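Under the working numbering, read the sequence shown as residues 40 to 474, first letter to last.
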Amino acid sequence: MHARDRFRRRVLPAALTLAVGAALGAFAPGGAPSAAEAYDLVIQRGHVVDPKNRLDGVRDVAVKDGKIAKVARRIDAAAAKKTVDASGKVVTPGLIDLHAHLFAGPEGAYRNGWSGVAPDGFTFRSGVTTAVDAGSSGAKSFDLFKKNVIDRSQTRVLAFLNIVGEGMAGGKYEQDLKDMDPATAAAKAEQHPGTIVGIKTAHFEGPEWTAVENSVKAGDAAGIPVMVDFGANRPERPLETLLTEKLRPGDIYSHAYSGLRGELGPDGKLNPGMKKGRDRGVLFDVGHGGGSFAYDVAVPAMKEGFAPDTISTDLHITSMNAGMKDQSNIMSKFMALGMPLKDVVDASTWVPAKAIHRPDLGHLSVGAPADLAVFSLDKGRFGFVDSFGFRIDGKQKLSTELTVRAGKVVWDLNGKAAQKWTPDPSRLTEKPHTH
Numbered sequence: 040m041h042a043r044d045r046f047r048r049r050v051l052p053a054a055l056t057l058a059v060g061a062a063l064g065a066f067a068p069g070g071a072p073s074a075a076e077a078y079d080l081v082i083q084r085g086h087v088v089d090p091k092n093r094l095d096g097v098r099d100v101a102v103k104d105g106k107i108a109k110v111a112r113r114i115d116a117a118a119a120k121k122t123v124d125a126s127g128k129v130v131t132p133g134l135i136d137l138h139a140h141l142f143a144g145p146e147g148a149y150r151n152g153w154s155g156v157a158p159d160g161f162t163f164r165s166g167v168t169t170a171v172d173a174g175s176s177g178a179k180s181f182d183l184f185k186k187n188v189i190d191r192s193q194t195r196v197l198a199f200l201n202i203v204g205e206g207m208a209g210g211k212y213e214q215d216l217k218d219m220d221p222a223t224a225a226a227k228a229e230q231h232p233g234t235i236v237g238i239k240t241a242h243f244e245g246p247e248w249t250a251v252e253n254s255v256k257a258g259d260a261a262g263i264p265v266m267v268d269f270g271a272n273r274p275e276r277p278l279e280t281l282l283t284e285k286l287r288p289g290d291i292y293s294h295a296y297s298g299l300r301g302e303l304g305p306d307g308k309l310n311p312g313m314k315k316g317r318d319r320g321v322l323f324d325v326g327h328g329g330g331s332f333a334y335d336v337a338v339p340a341m342k343e344g345f346a347p348d349t350i351s352t353d354l355h356i357t358s359m360n361a362g363m364k365d366q367s368n369i370m371s372k373f374m375a376l377g378m379p380l381k382d383v384v385d386a387s388t389w390v391p392a393k394a395i396h397r398p399d400l401g402h403l404s405v406g407a408p409a410d411l412a413v414f415s416l417d418k419g420r421f422g423f424v425d426s427f428g429f430r431i432d433g434k435q436k437l438s439t440e441l442t443v444r445a446g447k448v449v450w451d452l453n454g455k456a457a458q459k460w461t462p463d464p465s466r467l468t469e470k471p472h473t474h
């Protein structure tokens, strides 16, 4: 059995739960007809793709009190506060971006620095409702990150904690072996369960395995996965050894299609260690970024059947203005490479939710947080650029029409949830203001 399939089966797909609405023609006490359910929002007639619940068809989705209240072929929305016609659109759970840099601040690099971005300005417009910061903060800087970003954002911001106590502060900080203490990292993770969802090692340039080994020790102690950005390509640290010996099942190798660390062999085929790692249960993440996604790797990998487990952006100040752009653009890019719509949605919702041990996210089960996205699937000719300036063309592209976070509309490209303006006669009789 394929390792990715085994991983997906660890949490058995739940049957889609349908809330029981008032039956048509039912009567309330006293003989009066009962009112339709007063939902806060009903998204009608959209093509719902919800991989966890194996749903791929036209449905209505109702929201109440910030939760998914009902999913059905037809929902009586007569008493709903707001309705959205999603006919011809794709409705998905809110997307989970597993690799972003969100610790924006006045300093350099990614820790409280100018390279990170404030999440709300860049997540909702691409359908992302949960973003996981990939190691910008470490145990020494996480509290500031929580105060300035996590606690102030509408986006649900989670974190991989950097094994380096200072975090991604650049230069000498990220090479300091003495600051890679697994006990300190694990203790900080245990203080914030469900928010610190993993340990991250990144950018290490030395020949030692210390950064990886201490990350795994911290992950073991806290019961959370490790994400690896393998840093410099060193012969003392072969990729195959990382994937077949050092990482555990459920750990995550990011920048899987960069080509910078031997992912592709000189024969033009995948490094055998990539498939061996997948067979062990290691997960492979896109982590596109500004310099970590190459068609030279991705195209042959897809031909060999090596699709990503998780799709993520590596969002930062540079990548968002280059070939990466945003989560929906990368999903469209993989569709152009032959990945079906339902699979790119799965890799952006349910699979990352399981990877970070947050099974409450990434699906539209009744009672789940009402995080949703509505996309148009545009047809035409679209260009998709990798990190090195090369383009492939695709025939379809996802564009985010609407994003709902915790039951509230937070992005509405074409005003689908807005009330249509009509002339108000009373305004015509008002006297003009004088200045």
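Note that beta-carbon positions come from the ideal geometry of N, C-alpha and C, so glycine has one too.
Remember, predicted model here, so these are calculated numbers, not experimental data.
Environment of residue i [buried if 16+ CB atoms lie within 10 Å]
i	result
Pro221	buried
Asn151	buried
Glu440	buried
Ser254	buried
Asp218	buried
Phe184	buried
Glu302	buried
Arg195	buried
Pro232	exposed
Glu213	buried
Gly258	buried
Thr162	buried
Thr388	buried
Lys227	buried
Neighbourhood of residue i by C-beta distance below 7 angstroms, restricted to the same chain and skipping five residues each side
i	result
Val34	Limits of the chain in this structure are 40 at one end and 474 at the other, which puts residue 34 out of reach.
Ala456	Lys121, Val123, Leu441, Val448
Ile369	Val325, His327, Ile350, Thr352, Met363
Thr223	Ala178, Gly204
Helix, strand or coil at residue i according to DSSP, with G and I counted as helix
i	result
Asn360	helix
Ala225	helix
Val336	helix
Gly152	strand
Leu286	coil
Lys436	strand
Asn368	helix
Val534	Because the chain in this structure spans residues 40 to 474, residue 534 falls outside the shown range and cannot be described.
Asn187	helix
Leu141	coil
Asp218	helix
Arg454	Per the sequence shown, the amino acid found at residue 454 is Gly instead of Arg. Coil, per DSSP.
Lys418	strand
Asp306	coil
Gly70	Confidence at Gly70 is low in this model, with a pLDDT of 30, below 50, so its placement is unreliable and the value that follows should be read with caution. Residue state, collapsed to three classes: coil.
Phe199	strand
Arg397	coil
Lys447	strand
Asp79	coil
Ala392	helix
Bridge-paired residues (DSSP) for residue i
i	result
Met266	Lys239, Ile291
Val110	Val100
Arg430	Val424
His327	DSSP lists no partner for His327.
Ile135	Thr169
Nonlocal neighbours in the same chain, by C-beta distance under 8 angstroms from residue i, ignoring five residues either side
i	result
Gln83	Asp99, Ile114, Ala116, Thr122, Val123, Asp124, Ala125, Ser126
Gly307	Pro339
Val81	Asp99, Val100, Ala101, Val102, Ile114, Ala116, Ala119, Lys121, Thr122, Val123
Cβ neighbours of residue i in the same chain (closer than 6 angstroms, five flanking residues each side left out)
i	result
Gly330	Ser426
Gly362	Val424, Asp425, Ser426
Val87	Leu94, Arg98, Val130
Ile410	The sequence as given places Asp at residue 410; Ile does not occur at that position. Only Gly133, Thr168, Arg444 meet the Cβ criterion.
Ser293	His138, Met266, Asp268, Asp324, Gly326
Lys436	Ser371, Asp417, Phe421
Ser358	Gly328, Gly329
Supposed contact pair residue j and residue i - C-beta distance, whole angstroms, cut 8 angstroms
i	j	result
Pro391	Ile235	Going by Cβ atoms, the distance from Pro391 to Ile235 rounds to 16 angstroms, so no, they are not a contact pair.
Val321	Tyr296	Their Cβ separation, rounded to whole angstroms, is 15 angstroms, which puts Val321 and Tyr296 out of contact at 8 angstroms.
Pro246	Glu275	4 angstroms
Arg319	Pro347	Their Cβ separation, rounded to whole angstroms, is 17 angstroms, which puts Arg319 and Pro347 out of contact at 8 angstroms.
Contact with chain D by residue i, beta-carbon distance below 8 angstroms
i	result
Asn368	Annotation note: the requested chain D is absent from the structure, which comprises a single protein chain.
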